[in-house]
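Numbering (our numbering), first residue to last: 11 to 911.
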């Protein structure tokens, strides 16, 4: 994909002529010598590799700058973008080869990584200079089918930039997905549908092609009547699969696949509409398959026959899940998707082989979970140091592969006995437990010298090991296999400790106590607390005369100074200024300043009280303590648990199989990304129950229910929270769910009803689907109070404050937005009609695909949910501008449409 050029372009000397001279050390005449510290002598191989890299990078610079214009060297760069791209791809390959050679010749890991990062950025920068037409032309020349069908939105980076990027291998899944997306859209066009307003005829005009019927090879000659009969047979088979109960019978699956093949292989010149029918059958066959429960017994007979006939390989039969095998057996599956499935099977087979090798290395230090750790005593032995470092790194890789393999292998056709016999690395006795293993490694490390631990950590990539203490080193070694430990965070702690020591040393060195200021400073420090406050001298509880002398000497005073300081009377206390009691005039500079300070204080109060969001995988690895009932009200049972760090967390069991937990966790994540204060929520299974966990807010109280008592910063916070609530579809922000934090900030809790009314809700004054009265959302109470004149004097609703949240939401790429909601969409769609938003999304999907609602698949429902999420995100600015203008009668709210703050 973009790197399979068959011709060499070494004849194009496109680098600036002085680049080669610089690489060879031939500086210009008259250049003054610069004295530098002598560096270690580089090997000839490393010098050559660096020179080759410099030439390739200079060539890439010249390509990007010239972009088809001569750069002072003959011959000129070609104007044809395909030929220019081939030169570019050759230079990327040359640069990668040079970097690999540098690594072989002993370049440091940091330098190699830096050069790879620079090369990746250079490759991306060049491709981003190409317009869509050039990208499509190059992609088509490199074998991409229907390049005009990707990048249709015109937003973000064009997908073909990644597909053509020669920095990445051609066979990575992300590139295959781009081709698969184009192929799927082509099938939709061929089935008579439109894609982004484009028809099949439009695409053929762009590509300069016409639909040509394939020859009879692999087809059967059919009359129109026979085609109609085959179509009817497919209808019957599809109906039986779609409405089957329990596990799908293998015979019904076979009938559907056979009938699909019969229609797709038909060749009837007398039926001009046959191709449209065939493409419809391709798309429609996915629907009954999505509804059916396909397990190993469903596909086993078909797979055996397919292996026997050579249609699929034994590797594919053993390493793909039942649904994946059906895709491989279907005639209607595109070749690109089949190749991807075959590659997945091979990758899984390779993974199991890698697991066996990793287990062999792991057993050198830990035979199984029932035996003790047997790492060697380091004792200054370089071989032992290397052995331990290799073991720690390998154990981390083993753990990752075990986790990944456990996610698919038990869904394949292999029996549990065969899996355990053939893959000992997946047995419970060999499963890596990062937490207990960390305890064992720490116990071993306590008996090792710090210098030896530094050698191990250094081999594992830790910088500045000489500045790390024993705890840092132990944690860094364990982080190689324990995902709950972060190497970057450990390094940061080391640097923070160094900085603290340096600051203390600098302060001590630069602060002699000879000046009057120093003496006065010591006086205030040595005075008893009661004296410093202006009261009488303390008889007891203060410092004694001897203690004062000793303390003064420790702080740098001479013995004479110390005696004087200890006997000196404390300085008279300065009066504490009082805050002005009179409010500043509205609209004055002082009033505006006071308002700004109040807003900043409110934001700071919220930020410091609401716990920061951490990676969900870290929370997933935690073991929470036994729970105690939490009497906090609400629909679902709640318990309080202790996290590993001792903090208190709330667990809410989800009786809907995790759907609500996924929804609340996703809403929390989205709101945090949008800059709306949100308690971080994570999906977690505790004591066998799926639910959500979240840290408790210390010292939080309920927010005042009287709008007349609300301050301007609080009103602004409610408006911003309303934007966040709308974007996640949460209409349950009533009084009991809004908390005042310990420092005076505001945050809304309990987002369990997020997305519930998506597809049917509306952004309107008075809309409260959870009920009225005390269950009215706080933002609705705010707007009613504003319209009724019930807010405090000078306090008002300001539409402009919504801009920050809207801007933050708009800055998140659509692809990332969909990714953040992927689990919520698919978990909800799988649960079916019991989830409130599913019927609305089923209806939208049916309209989109032009099929009956009963035939809409789970996948299509999930995609409709994600489409709605993106649409809601993209329309957020317009929606709130219209809300403020039309619902709240605020004409100046229209400025939101233009991004005004």
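Glycine included, C-beta positions come from ideal geometry on N, C-alpha and C. It should be emphasised that the depicted structure is a prediction, and the values quoted were computed from it without experimental measurement.
With residue i as the anchor, note down where its beta strand (DSSP E) starts and where it stops.
i           : result
residue 704 : 699-705
residue 692 : 692-696
residue 750 : 748-750
residue 758 : 756-758
Going by the DSSP bridge assignment, what does residue i pair with across the sheet?
i           : result
residue 208 : 205
residue 658 : 652
residue 282 : Its beta-bridge partners do not exist; DSSP assigns none.
residue 688 : 758
residue 257 : 303
Kindly indicate the opening and closing residues of the alpha helix (DSSP H) around residue i.
i           : result
residue 412 : 392-416
residue 98  : 91-114
residue 840 : 832-841
residue 900 : Element bounds for residue 900: n/a, residue is neither H nor E.
residue 487 : 480-488
residue 670 : 669-684
residue 740 : No alpha helix (DSSP H) holds residue 740; DSSP gives it neither H nor E.
residue 665 : It is not in any alpha helix (DSSP H) - residue 665 carries neither H nor E in the DSSP assignment.
residue 364 : 345-372
residue 322 : Premise fails: residue 322 is in no alpha helix (DSSP H) and is neither H nor E.
residue 443 : Looking at the DSSP string, residue 443 is not in any alpha helix (DSSP H), and its letter there is neither H nor E.
residue 491 : Element bounds for residue 491: n/a, residue is neither H nor E.
residue 912 : What the structure shows of the chain is the stretch from 11 to 911, and residue 912 is not part of that stretch, so it cannot be assessed.
residue 462 : 460-469
residue 428 : 426-432
residue 188 : 183-200
residue 908 : From DSSP, residue 908 is part of no alpha helix (DSSP H); its letter is neither H nor E.
Can you tell which of the options has its C-alpha closest to the C-alpha of residue i?
i           : options            : result
residue 493 : 187, 708, 625      : 625
residue 792 : 61, 713, 817       : 713
residue 894 : 401, 194, 812      : 812
residue 409 : 150, 142, 372      : 372
residue 670 : 837, 899, 241      : 837
residue 400 : 443, 446, 469, 418 : 469
residue 210 : 731, 200, 53, 218  : 200
residue 91  : 828, 142, 654, 273 : 142
residue 760 : 697, 388, 672      : 672
residue 234 : 155, 145, 282, 218 : 282
residue 192 : 441, 506, 365, 345 : 345
residue 5   : 251, 254, 253, 228 : With the chain running from 11 to 911 in the structure shown, residue 5 is simply not present.
residue 886 : 734, 834, 332      : 734
residue 758 : 689, 232, 239      : 689
residue 361 : 750, 333, 417      : 417
residue 704 : 698, 679, 726      : 679
residue 888 : 828, 820, 858, 762 : 820
What is the DSSP secondary structure of residue i, reduced to helix, strand or coil?
i           : result
residue 438 : helix
residue 765 : coil
residue 230 : strand
residue 303 : strand
residue 275 : coil
residue 787 : coil
residue 888 : helix
residue 802 : coil
residue 329 : helix
residue 139 : coil
residue 712 : strand
residue 639 : strand
residue 243 : helix
residue 44  : Reliability fails at residue 44, whose pLDDT of 47 lies under 50, so the model's placement of it is uncertain and the value that follows must be treated cautiously. The answer is coil: DSSP assigns residue 44 none of H, G, I, E or B.
residue 499 : helix
residue 377 : coil
residue 340 : coil
residue 86  : coil
residue 312 : helix
Contact defined as beta carbons within less than 8 Å: I believe residue i pairs with residue j. What is the distance between those atoms, to the nearest angstrom?
i           : j           : result
residue 267 : residue 327 : Residue 267 to residue 327, Cβ: 16 Å. No contact.
residue 723 : residue 801 : Their Cβ separation, rounded to whole angstroms, is 13 Å, which puts residue 723 and residue 801 out of contact at 8 Å.
residue 188 : residue 205 : About 15 Å; that fails the 8 Å criterion.
residue 244 : residue 269 : 4 Å
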